[in-house]
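Residue numbers (the numbering used here), protein chains in the order written: chain A, 26 to 270; chain B, 12 to 160.
By construction, the Cβ of each residue, glycine as well, lies at the ideal position given by its N, Cα and C atoms.
See structure below.
Written out as structure tokens, the structure reads:
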């Protein structure tokens, strides 16, 4: 299965079709990547529905977890976008939970991390980018273009500033997607390489094992943090579209 | 749905410690509170408060150093990574726009060169924005911590 016949550290990122499907000339097979996306969406639904089922006044463990994630995203949106951001809460919360679960499920050995594929992260980033641009134009009309020229700058600087701001604006989906994708890939390759050391060193692998455990813990933090960063950047972009800086 | 909701109530609602021993003696046992002193020993709330604070401090001493170190390391890595990616993304975008405009308009190297420099400018702007935003966040957090103390 693996190219070159060996189980290298990159083998974990291979996308394999589970159910081969074709639509015209497009390959729309149900892959392991799609399977884990469905799995994480299902897990999120089960987690949220099950934990809030009791609707207790004093929340139990599961309900606190659900409330904490809800409040975290709600605060993030309120602090960064203001009250105008409330209507975008469902989308931002879904995004956060989807990425968070994708990152955390991917840390279980033998699973597939769909956030480690640029195709997935870039698809999310481009949707956010287009949505934010459309929101900006709908709210401000052509006035949205003021975003590309700082208020109060001398007019002749527009020749340089507008192209620079335009490039900066267009680079958003790239930086948004590359950050998440690269973090996930780096972490998982590191884990696999260190895991390989443990096996290769045999008995002495015991000395590498604690490092592996601490890297695993670090990856858990990185996974949560990257979901947070992705969400907060979405909020900042929304803020720019709604308030024009 | 309503049935389970009703039957769950006793477990989820707060019960004052005084009632704990008489009405819900089974409650304490299934919660597994082994080393908690009996409520009858000390009914004074101030003492309970004192003990709670002491326990919390002890717990914090145990928990803090390791987890905080790792969290700091992870967030430091995230900040570094964020800035690096921001630069690279702007450069790629500038270069890409220039390259494809050149292909389209047939002005081979010129637009690529111009947009590459615009990309450098955009990279600087991106980094300055990230730094500003992080500073704002830090200031916000510092003032909040000062208020809490």
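- Pairing residue 77 (chain A) with residue 101 (chain A), the inter-Cα distance amounts to about 21 Å.
- In terms of Cα proximity to residue 142 (chain B), the closest of B:100, B:56 and B:93 is B:93.
- With contacts defined as CB atoms closer than 8 Å, residue 137 (chain A) and residue 58 (chain A) qualify as a contacting pair.
- In the DSSP assignment, residue 44 (chain A) falls outside any alpha helix (DSSP H) and lies within the beta strand (DSSP E) extending over 42-44.
- Per DSSP, the continuous alpha helix (DSSP H) segment holding residue 160 (chain A) begins and ends at 143-165.
- Under the Cβ criterion (8 Å, minimum of three pairs), the region 96-109 of chain B counts as touching the region 127-137 of chain B.
- Counting C-beta pairs with one atom in each stretch, the region 224-234 of chain A and the region 48-55 of chain A have fewer than three that are closer than 8 Å, which means they do not touch.
- Counting only the Cα atoms, residue 269 (chain A) lies some 10 Å from residue 164 (chain A).
- Straight through space, the alpha carbons of residue 130 (chain A) and residue 53 (chain A) are spaced by roughly 23 Å.
- In this structure the region 231-246 of chain A does not touch the region 184-199 of chain A; the number of beta carbon pairs closer than 8 Å is below three.
- Within chain B, the C-beta atoms nearer than 7 Å to that of residue 188 (chain A) come from 129, in chain order.
- Taking a Cβ-Cβ cut-off of 8 Å, residue 252 (chain A) has no neighbours in chain B, whose nearest Cβ is about 11 Å from it.
- Between residue 147 (chain A) and residue 84 (chain A) the beta-carbon gap is near 37 Å, outside 8 Å, which marks them as no contact.
- The C-beta of residue 138 (chain B) comes no closer than 8 Å to any C-beta of chain A.
- Cβ atoms of residue 157 (chain A) and residue 266 (chain A) come within 8 Å of each other, at about 5 Å.
- None of the residues of the region 37-71 of chain A has a beta carbon lying less than 7 Å from any beta carbon of chain B.
- Within the same chain, 117, 120 and 153 come within 7 Å of residue 259 (chain A) by CB-CB distance, once the 5 residues on both sides are set aside.
- For residue 247 (chain A), a Cβ of chain B is located within less than 8 Å of the residue's own Cβ.
- Nearest C-alpha to residue 250 (chain A) among A:208, A:186, A:167 and A:96: A:208.
- Straight-line measurement puts the Cα of residue 220 (chain A) at about 13 Å from the Cα of residue 228 (chain A).
- Between the C-alpha atoms of residue 255 (chain A) and residue 60 (chain B) there is a straight-line separation of about 40 Å.
- DSSP places residue 87 (chain A) in the uninterrupted alpha helix (DSSP H) bounded by 86-106.
- At the C-beta level, residue 34 (chain A) and residue 218 (chain A) come within 8 Å of one another.
- Counting along the chain, no alpha helix (DSSP H) covers residue 133 (chain A), and no H or E run does either.
- Looking at the DSSP output, residue 47 (chain A) sits in a beta bridge with A:52.
- Beyond the five residues adjoining it in sequence on each side, residue 143 (chain A) comes within less than 8 Å, by CB distance, of 202, 203 and 206 in the same chain, given in chain order.
- Among the CB atoms of chain A, none fall inside 8 Å of the CB of residue 55 (chain B).
- Taking the Cα positions, residue 104 (chain A) is about 11 Å away from residue 151 (chain B).
- Distance check between residue 44 (chain A) and each of A:36, A:38 and A:55 places A:55 closest, using alpha-carbon atoms only.
- At a cut-off of 8 Å between beta carbons, residue 193 (chain A) contacts chain B.
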